[in-house]
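When you number the sequence shown by full-length UniProt numbering, it's gap-free, plus one each residue, and the end is 599.
Glycine included, C-beta positions come from ideal geometry on N, C-alpha and C.
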Amino acid sequence: MSRLAGAASPYLRSHADQPVNWYPWGEDAFAAARDRDVPVLISIGYSTCHWCHVMARESFADTATAEILNANFVAIKVDREEHPDVDAAFMAQASAFTSNLGWPLNVFTLPNGSAFFAGTYWPPQPRAGMPAFADVLLAIANAWRDRRESLEETGDAVRAALTRLAQPTAGDEVTAADVAAAARAIIAHEDAEYGGFGTTGPKFPIATVLGFLLAPGVDDLAPGSRDVGTFTLRSMRASELFDAVDGGFFRYATERDWSVPHYERMLVDNAQLMDVALAADDVATAEHIAAFLRDVLLQPSGGFGAAQDAESIIDGVASEGGYYRLPIDGRAEQSAPRVDEKVITGWNGLAMAALARLAQRTGNTEWLDLAQDAAVAVMQQNRTERGWVRASLDDITSRAGATTADLAQLAGGLLALALATGSVAYATAARDLVDELRDGTAPRDVPGDPVLRELGVPPTPDSGDGDEPSAHAALAHAALTLANLGAGSEYRELAETVVRQRWARAAASPLASGSTLSVAAALVRPAAQLLVVAPNPEVPLAQAARALPADATAIVTPQQAQAFTDAGFALFAGKTAPALYRCENFTCALPITDVSQLG
Numbered sequence: 001m002s003r004l005a006g007a008a009s010p011y012l013r014s015h016a017d018q019p020v021n022w023y024p025w026g027e028d029a030f031a032a033a034r035d036r037d038v039p040v041l042i043s044i045g046y047s048t049c050h051w052c053h054v055m056a057r058e059s060f061a062d063t064a065t066a067e068i069l070n071a072n073f074v075a076i077k078v079d080r081e082e083h084p085d086v087d088a089a090f091m092a093q094a095s096a097f098t099s100n101l102g103w104p105l106n107v108f109t110l111p112n113g114s115a116f117f118a119g120t121y122w123p124p125q126p127r128a129g130m131p132a133f134a135d136v137l138l139a140i141a142n143a144w145r146d147r148r149e150s151l152e153e154t155g156d157a158v159r160a161a162l163t164r165l166a167q168p169t170a171g172d173e174v175t176a177a178d179v180a181a182a183a184r185a186i187i188a189h190e191d192a193e194y195g196g197f198g199t200t201g202p203k204f205p206i207a208t209v210l211g212f213l214l215a216p217g218v219d220d221l222a223p224g225s226r227d228v229g230t231f232t233l234r235s236m237r238a239s240e241l242f243d244a245v246d247g248g249f250f251r252y253a254t255e256r257d258w259s260v261p262h263y264e265r266m267l268v269d270n271a272q273l274m275d276v277a278l279a280a281d282d283v284a285t286a287e288h289i290a291a292f293l294r295d296v297l298l299q300p301s302g303g304f305g306a307a308q309d310a311e312s313i314i315d316g317v318a319s320e321g322g323y324y325r326l327p328i329d330g331r332a333e334q335s336a337p338r339v340d341e342k343v344i345t346g347w348n349g350l351a352m353a354a355l356a357r358l359a360q361r362t363g364n365t366e367w368l369d370l371a372q373d374a375a376v377a378v379m380q381q382n383r384t385e386r387g388w389v390r391a392s393l394d395d396i397t398s399r400a401g402a403t404t405a406d407l408a409q410l411a412g413g414l415l416a417l418a419l420a421t422g423s424v425a426y427a428t429a430a431r432d433l434v435d436e437l438r439d440g441t442a443p444r445d446v447p448g449d450p451v452l453r454e455l456g457v458p459p460t461p462d463s464g465d466g467d468e469p470s471a472h473a474a475l476a477h478a479a480l481t482l483a484n485l486g487a488g489s490e491y492r493e494l495a496e497t498v499v500r501q502r503w504a505r506a507a508a509s510p511l512a513s514g515s516t517l518s519v520a521a522a523l524v525r526p527a528a529q530l531l532v533v534a535p536n537p538e539v540p541l542a543q544a545a546r547a548l549p550a551d552a553t554a555i556v557t558p559q560q561a562q563a564f565t566d567a568g569f570a571l572f573a574g575k576t577a578p579a580l581y582r583c584e585n586f587t588c589a590l591p592i593t594d595v596s597q598l599g
């Protein structure tokens with residue numbers, strides 16, 4: 001039986017019947033390489049990656065290629081969504097050999113995990129200047145036999161260089177002027193004709209950057225920020241990047257005008273873009289995205305799957321994007337592209353947060369029910385006797401532990417649910433997660449991947465945003481929300497520490513640092529807190545509060561307000577009388593008891 005057959009990853013399962021003697025990520029593979037005295041091929045991809053599918057069909061399913069691979073290497077197949085730490089570590093090593101980075105990512109390493117060569121897609125026959133994959137394998141096998149010392153020197157040099165990378169420093173206090181300068185730097189990269197950033201393709205919808213430009217107070221610091229954010233969202237919404245039939249945005253566009261998309265639809269992208277739409281006051285787009293999550297990605301457990309594939313089978317032929325280019329009646333005659341059904345802890349946290357905020361804005365309890373169901377699924381399936389795990393699939397939990405990003409994003413989702421439902425249980429669960437991720441007032445990583453740690457592969461610095469917000473920025477955001485609810489000044493200090501430590505990188509690369517910039521923007525201005533105490537969420541004051549801007553908005557019953565107070569959330573203390581309370585840094589104006597009093 002294939003080692004991949006019982007994996008918690010549909011991507012790994014799709015390779016289970018190939019003639020390649022695949023290992024899943026783990027120490028067993030490296031032990032086998034040491035025993036056989038052969039190099040390792042680490043092949044990294046994900047289930048909705050078109051070129052991963054192509055290389056799988058052309059090379060990994062080919063018997064002759066598999067024979068070369070099996071005879072000369074230990075082959076490891078990795079789902080980057082299941083093992084983001086592994087993907088990041090080997091992406092960093094691969095950057096020493098090629099600037100053409102992406103997936104599939106194929107990294108050749110010594111038996112100790114040090115890379116000596118890397119590339120992405122190789123065809124089965126030489127084409128367009130690319131060598132055949134089998135020829136690459138044979139060349140490396142020959143080099144291992146004849147010039148092994150040189151390969152070992154290369155691997156050792158790459159490892160040493162990564163180990164020397166600067167770690168975060170204490171940093172200076174970040175000011176409003178610093179945040180304004182970062183916003184202006186981003187605006188300078190705007191494509192004024194089509195929206196987004198840069199004037200060539202490919203073009204990505206950088207949700208964290210759009211969220212920063214639309215964040216409260218940023219337009220006051222750098223006028224025009226909000227216009228850039230809303231124009232980009234409108235341009236994307238009107239383009240081929242948005243699926244007008246089923247809702248949701250595709251991964252990226254290959255052309256400047258957002259045309260010719262790469263057609264996979266990811267939970268992580270769409271959860272963040274739902275929040276962007278809300279920040280832009282585009283509730284209709286947010287609800288279209290929510291409908292995509294409900295209709296396409298929702299799993300029987302209540303959690304959300306990771307993505308829908310770019311590739312489909314149209315009339316028996318594999319086609320990238322073919323299904324999505326069909327009109328609604330044409331789609332009805334074809335099978336929809338596959339959904340990667342694994343439930344990723346952090347990505348579901350992002351979805352919970354966006355759905356909860358959408359429900360709070362609209363009053364639509366359907367979105368709130370979806371968010372709560374996802375929370376139940378993750379809390380039940382992705383927490384095991386050995387702790388939190390990265391993902392689950394059906395009743396199988398991943399062998400990969402949850403990352404800092406997973407737990408921080410889950411905390412953010414639970415806090416959004418606490419504010420939307422008035423349930424203090426969500427807030428205390430989020431506080432527990434943040435406490436697990438900090439040591440005093442300093443951020444602490446969840447222990448990294450144990451195999452990487454055992455191999456001594458250098459950790460990858462949390463240098464910015466990728467598919468998802470920076471792990472430490474997500475932690476800082478959750479900590480700052482706790483601080484704004486009155487959980488204690490130590491949570492604000494944690495957020496400040498994260499931003500100070502990462503500000504030099506954020507200022508130097510603002511387009512890769514939107515999540516850190518958003519936290520910084522919140523820290524340099526007074527926190528706006530809005531609390532409505534009412535017997536039910538349908539009273540006029542509660543309805544009016546849904547549209548008012550605030551860093552933290554809670555609509556609770558008197559009993560819920562007391563429960564928050566008893567749990568240590570000082571914002572709620574002394575506020576059990578029905579009214580709307582408007583506060584700034586915990587200094588509150590007189591209670592408002594009638595909508596007519598709202599200015």
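Would you kindly work out how many angstroms separate the C-alpha atoms of residue i and residue j, rounded to a whole number?
i    : j    : result
S319 : G330 : 15 Å
T63  : L105 : 21 Å
A141 : A29  : 18 Å
A166 : T345 : Note that A166 has pLDDT 42, beneath the 50 cutoff, so the model's placement of it is unreliable and the number below is only indicative. The straight-line gap from Cα to Cα measures roughly 29 Å.
S2   : Q18  : 9 Å
A8   : P300 : 16 Å
K203 : S259 : 9 Å
T200 : Y252 : 13 Å
L437 : T384 : 18 Å
G349 : G224 : 31 Å
S47  : G119 : 19 Å
W144 : V40  : 11 Å
G401 : A495 : 24 Å
P540 : A554 : 15 Å
V389 : T397 : 7 Å
A391 : I42  : 21 Å
I313 : Q334 : 8 Å
D367 : L407 : Residue identity differs from the one stated: residue 367 is Trp in this sequence, not Asp. Their backbone Cα atoms lie some 22 Å apart in a straight line.
A411 : L278 : 20 Å
So the alpha helix (DSSP H) residue i belongs to, where does it begin and stop?
i    : result
D135 : 133-146
R505 : 489-508
Q543 : 540-545
E311 : From DSSP, E311 is part of no alpha helix (DSSP H) but of the beta strand (DSSP E) over 311-314.
L355 : 345-362
L480 : 471-484
Restricting to Cα atoms, I'd like to know which of the options is closest to residue i.
i           : options                : result
D35         : S9, N72, H53, I68      : N72
A32         : V343, L110, E366       : L110
A286        : T254, T587, A356, H262 : A356
residue 600 : A244, E82, P535, E152  : Nothing can be reported for residue 600, as the shown portion of the chain is limited to 1 through 599.
residue 601 : Q560, K342, A430, A550 : Missing from the structure shown is residue 601; the chain here goes from 1 to 599 and no further.
I44         : Y121, N70, E27         : Y121
L210        : G217, A522, G196       : G196
T497        : L475, D394, D449       : L475
A88         : W103, P126, R147       : W103
Y11         : L580, L393, N536       : L393
F249        : L368, D435, M91, Y324  : Y324
G171        : R505, A161, D594       : R505
V595        : A128, L548, G305       : L548
Between residue i and residue j, how many whole angstroms is the CB-CB distance? I'm expecting something under 8 Å.
i    : j    : result
G302 : A374 : 6 Å
L293 : A244 : Contact flag wrong, Cβ pair sits at about 16 Å.
A290 : M274 : 6 Å
L552 : L598 : Checking the sequence, you will find Ala at residue 552 rather than Leu. Between L598 and A552 the Cβ distance is about 18 Å, and since that is not below 8 Å, they are no contact.
H15  : A66  : Not a contact, Cβ separation roughly 11 Å.
Could you pull the start and end residues of the beta strand (DSSP E) that residue i belongs to?
i    : result
F117 : 115-119
Q380 : No beta strand (DSSP E) holds Q380; the alpha helix (DSSP H) holding it covers 365-381.
T553 : 552-556
G45  : 40-45
R106 : Just to set this straight, residue 106 is Asn in the shown sequence, not Arg. Unbroken beta strand (DSSP E) run through N106: 105-109.
W22  : 22-24
V317 : 317-320
E584 : 579-584
Consider the Cβ of residue i: report whether some Cβ of chain D lies at a distance smaller than 9 Å.
i   : result
H53 : Given the protein chain composition of this structure (a single chain), no chain D is represented.
Does the stretch 168-182 touch the stretch 479-494, meaning 3 or more C-beta pairs lie closer than 8 Å?
-> no
Given 8 Å as the limit, is there contact between the stretch 556-573 and the stretch 514-528, that is, 3 or more CB pairs closer than that?
-> Taking one beta carbon from each stretch, the stretch 556-573 and the stretch 514-528 have fewer than 3 pairs nearer than 8 Å; the two do not touch.
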